[in-house]
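Data block below; observations after.
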Amino acid sequence: MTRDEARAVLERALRAVKEGEGEAVIGGGRSHLTRFANNEVTQNVSERRYVLSVRVVLGKRTGRASGNDLSQSGAERLAEAATTAARLQPEIPDLLPLPGPQTYRTVDADDAATARLGPEERAREVARAVERCMKAGVTAAGIYETGRGTIGEYGELGTLAIANTRGLFAYHLGTGAAFRISALDGAASGWAATESYKASDIDGDALAARAVDKALRSRDPVAWEPGPYTVILEPAAVADLLTDTSWLSFGALPVQEGRSFLSGKIGQRVVGENITIRDDPYHPLHQGCPFDGEGIPTQPTTIIERGVAKSPVYDRQTAAKEGRESTGHGLSVPNTIGPLAQHLVLDGGSGPAEKLLEGIDRGLWVTRVWYTNVVDPKTATLTGMTRDGLFAIEKGKITRAARNFRFNQSVVQMLQEVEGMSAPQLVGGVVCPGLRVRGFHMSSVTEF
Amino acid sequence: MKDLAQLALDTAVARGAAFADVRFLESEREDLQVKDGQVGGVDRSETRGIGVRVLVRGAWGYAGTDVLTREGAEACAASAVALARASATVRREPVVLAPEPPRRVTWSSSCAVDPFTVPLERKLDLLFRVDQALRDVKGVSITEGFLTFIRRRQLFLSSEGAEIDQTVTRSGGGYSATAVSDHEVQRRSFPQSDGHHQCLGYEFIESVPWVENAARVGEEAVALLKADPCPAGEFDIILEGSQLALQIHESVGHPSELDRVLGMEANYAGTSFLTLDRLGTLQFGSPLVNLVADATLPHGLSTFGFDDEGVEAQRWHIVKDGVFSGYLTSRELAHRVGDGRSRGCVRSDGWHHIPMIRMVNLSLMPGKGSLEDLLGDTDRGIYMETNRSWSIDQLRYNFQFKTEIAWEIAKGRRVRMLRNPTYQGITTRFWNSCDFICGPEAWAPWGVTNCGKGQPGQVADMTHGAAPARFRGVRVGVGYDD
């Protein structure tokens, strides 16, 4: 949907608002995904989907209605439902008036070739990867996904365009491509992935080669005892841990409610001096949306600088509580979640993660982690499993495969024990390096 | 509705599909939230669209669209066929579907009071009364409550002649109180952490004692701040029903999905330790353990007349007298376990997503005795209630759960409240340590509404019935013992 088409849909919706003020949001686009397993394509899907959301504000009351009928009558139905919802509810004392027009930075993340990519091209790329796995005697499983618009991994829709009756209008169109592959040899497995806004960055064969190498090296794992280990976490593992920590701790709402490890700690040293964490949708590897769910321009925000807590990210409501400006990290209004840092950047070092091996007498190499969940919110303690390539490090070298561990680890403590960093890369929606961490808590071993 | 679905079906067949099915879905949803005495959201949403699934040269293609015109339906079908042709270039074995007689039938879940006709003020009044009762408890920092109502109507047509019109109405809600100190964030939820949901109308909401439990929930959240920490070590543990429901979900339900077992989820959710050679031979649990998959369970969240392949709802054992006995299957994969017919486990979360094997309702059959009987039979143990977090490895062996609250049991009595209870185990060892399951009077159905699976990710809901049960010699206190 072009800028003009989006503007037309939103203006039609705003004209349908007959009482009070209105906000209209559209999200969606096209998404295509080729899925493979057992060395063949098992699923090949495509969707075209848009959802229009209309919010009506009647003083301190507000209601929202959403639907995928973008016609005039559809917009009128939504406006009426939102008005009814607003009218019938009690006032929200903290509700802010709609914002006026804003100015946005331009982000160029729309690649026409990616948008045009068809199922035949995806099948060819998958075939190259499958062939590589079959030659190595292992089994391939994975996805090649492309899309244009704001359809998320679980079908959730981000904001493509937003407008309101005070004259605000924002629009951002981007493409996306991701290739993820697992190579399996019984319970031994390896994994590799690339994500970018350009499909031309995808090389299925090269990714398959990396996954195959790890799968073959994962055979016959040794069962080491649980306990604290010096680990090298590849960027995929770091990204997963940081994403959970962001949900728990980096938004202003958990900080204000006392649930975050940053609560009461702004200006104080909270992690190691070598740690700087930012949220920055304009980072060249992110190329993310330049505005938030209220249409407020997103400001690059330093959350932790050289180990010192600087600032959570804010939406208008949490910012108003502290008499400051929003950083443009809000979700659609109203919500109970608060602002979110969704374009994380952990500053890193240079070179590959392998350079971090030197001097480790006995440690573990973690390709990625899986099924992380919160054990203790206040200390950002997470549990989860290692997966798809856990290797023993002995006397500075990777020597053999290790059986996968369950870990229970405070991310705050982890960021106090970082001994080295590789070059950052984009993985799992986070720009981050691989980390060498001392004393990572492996708490139980599994069966493979 | 039917005309466009039929047009899409005819177009798919005309373009070369050897098999095709079309789902035309329309759904509506209402989400109400109250937090800390204020409205947190009043959202109404609706969606309509078509999903076309085809087999061409033994390979799948699927396309979904919300362009509900003749041109949109035709283009969607053409896209599905093109996707299938591309799939066929990287396909080794053709997909063959287990036979299923095509039905022409209409089915609805029961709904006495249409939740979409109940006035908004009445629903919000309930949430505000609960919220006030929670905030009346001194020391409660955060209060949250919600109600959710969903109606989904689906017309299913297939090239084999099926025409199935189904409507499901779901109602649910829940609330929590959170207490915060310098070092702790403690939460209590009612009646479980994900709320309470059933496929019923507003009569379900009116049957639950929401307000009556609010003061207790708030008081427990505050008390947890100063409760003793849960000890670490090996203990006999007793799990309350809703926690056991999630244990069933993660350690029994997912590993018995046949697509996982056969490697089709390997890149994302993982595979399974329940390999084909273990069917009928693996001592999954103690002889007390009977786990039954049941798409006919009254008011269950995955109770239906027919699944999204047109297969009639069924009931069968996954674990019978402790022995692993059955899988969750589809028409595509049933033959891999020697079945001539699918078990009817294929569902999608919308018109835009391809149907796949999803858990149906899966319950632990009750044993004998009340919770008090079970506690009285326990000399030393820990009773845990209400899930707070969960995690399990990609083959579904090693799990870890945290509950909101626990009590130490000594000589058959609750002696003290415990904060931050966790337990960890290996699936079959855990289920084999089960030596007491309470009876029908303590058995209840618990809904799960956030089950993620697939690429693109899909969210499904299902119900797990359970009564409190005891497990011997389980590792407790993980995550707080370093």
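From first to last, the protein sequence lines stand for chains A and B. With the first letter of the first sequence counted as 1, position 41 gets the number 918 in the working numbering; the numbers rise by one all the way through. With the first letter of the second sequence counted as 1, position 384 gets the number 795 in the working numbering; the numbers rise by one all the way through. Virtual Cβ for every residue (Gly too), placed ideally from N, Cα, C.
- For Y1248/A, the nearest CB of chain B lies under 9 Å from its own CB, placing it at the interface with that chain.
- Shown here, E1072/A sits in a strand according to DSSP, grouped into three states.
- At the C-beta level, W857/B and G652/B come within 9 Å of one another.
- In terms of beta-carbon proximity, H594/B lines the interface with chain A, with at least one pair separated by less than 9 Å.
- Relative to Y891/B, the option among R459/B, Q835/B and L479/B whose CA is nearest is Q835/B.
- Annotated three-state conformation of Y613/B is helix, per DSSP.
- If you keep only unbroken beta strand (DSSP E) runs of at least 3 residues inside the stretch 787-855 of chain B, you get 791-803, 809-821, 824-830, 833-837 and 845-848.
- Looking at the DSSP output, I1270/A bridges to G1240/A and I1275/A.
- Nearest CB-CB separation between Q811/B and chain A: below the 9 Å threshold.
- Going by C-alpha positions, N915/A is about 7 Å away from M675/B.
- In this structure the stretch 1145-1158 of chain A touches the stretch 1177-1193 of chain A; the number of beta carbon pairs closer than 8 Å is three or more.
- Taking the C-beta atoms as reference points, N1212/A is found nearer than 9 Å to G452/B.
- Within chain B, the residues placing a beta-carbon under 8 Å from that of K1255/A are H594, E595 and V596, ordered along the chain.
- Within the stretch 1087-1120 of chain A, not one residue has a Cβ closer than 7 Å to any Cβ of chain B.
- Here the C-alpha atom of A474/B lies approximately 32 Å from the C-alpha atom of V663/B.
- Neighbours of M675/B in chain A, taken as residues whose beta carbon is under 9 Å from its own, are R912, A914, N915, T919, Q920 and A1018 in chain order.
- With a threshold of 16 other beta carbon atoms within 10 Å, H594/B falls short and is exposed.
- For a cut-off of 8 Å, the C-beta gap from G1311/A to I1109/A is around 6 Å, short enough to register as a contact.
- Counting only Cβ-Cβ distances below 7 Å, S923/A has contacts in chain B at A474, S490 and L494, in chain order.
- Contact check between the stretch 1057-1072 of chain A and the stretch 1261-1272 of chain A: three or more CB pairs, one atom from each, fall below 8 Å, which counts as touching.
- Taking a C-beta distance under 9 Å as the contact criterion, D987/A and N831/B do not qualify as a contact pair.
- Assignment of beta-bridge partners to A704/B by DSSP yields W727/B and L773/B.
- Pairing H1220/A with L1119/A, the inter-Cα distance amounts to about 11 Å.
- The beta carbon of V886/A sits closer than 6 Å to the beta carbons of I903 and L947 from its chain, once the five residues preceding and following it are set aside; these are given in chain order.
- Within a 10 Å sphere around the beta-carbon of D872/B sit 16 or more other beta-carbons, which makes this residue buried.
- Think of a sphere of 7 Å around the beta carbon of R840/B: no beta carbon from chain A falls inside it, the nearest being about 10 Å out.
- Within the stretch 682-705 of chain B, contact with chain A at the beta-carbon level (separation under 9 Å) is assigned to T682 and F684.
- Three or more Cβ pairs closer than 8 Å define a contact, and the stretch 587-605 of chain B meets that threshold against the stretch 624-637 of chain B.
- Per the C-alpha coordinates, the member of T1256/A, D1156/A, G977/A and W1242/A positioned closest to E1111/A is W1242/A.
- Rounded to the nearest whole angstrom, the CA to CA distance from F527/B to N843/B is 45 Å.
- Contact holds between the stretch 680-695 of chain B and the stretch 800-808 of chain B, because three or more Cβ pairs, one in each stretch, are under 8 Å apart.
- DSSP places C1309/A in the strand class (E or B) of the three-state scheme.
- In the three-state DSSP reduction, L558/B falls in the strand class (E or B).
- Under the Cβ criterion of 9 Å, M767/B is counted among the residues facing chain A.
- In the DSSP assignment, K446/B forms a beta bridge with Q449/B and E555/B.
- Around the beta carbon of D1192/A, 16 or more other beta carbons sit within 10 angstroms, so the residue counts as buried.
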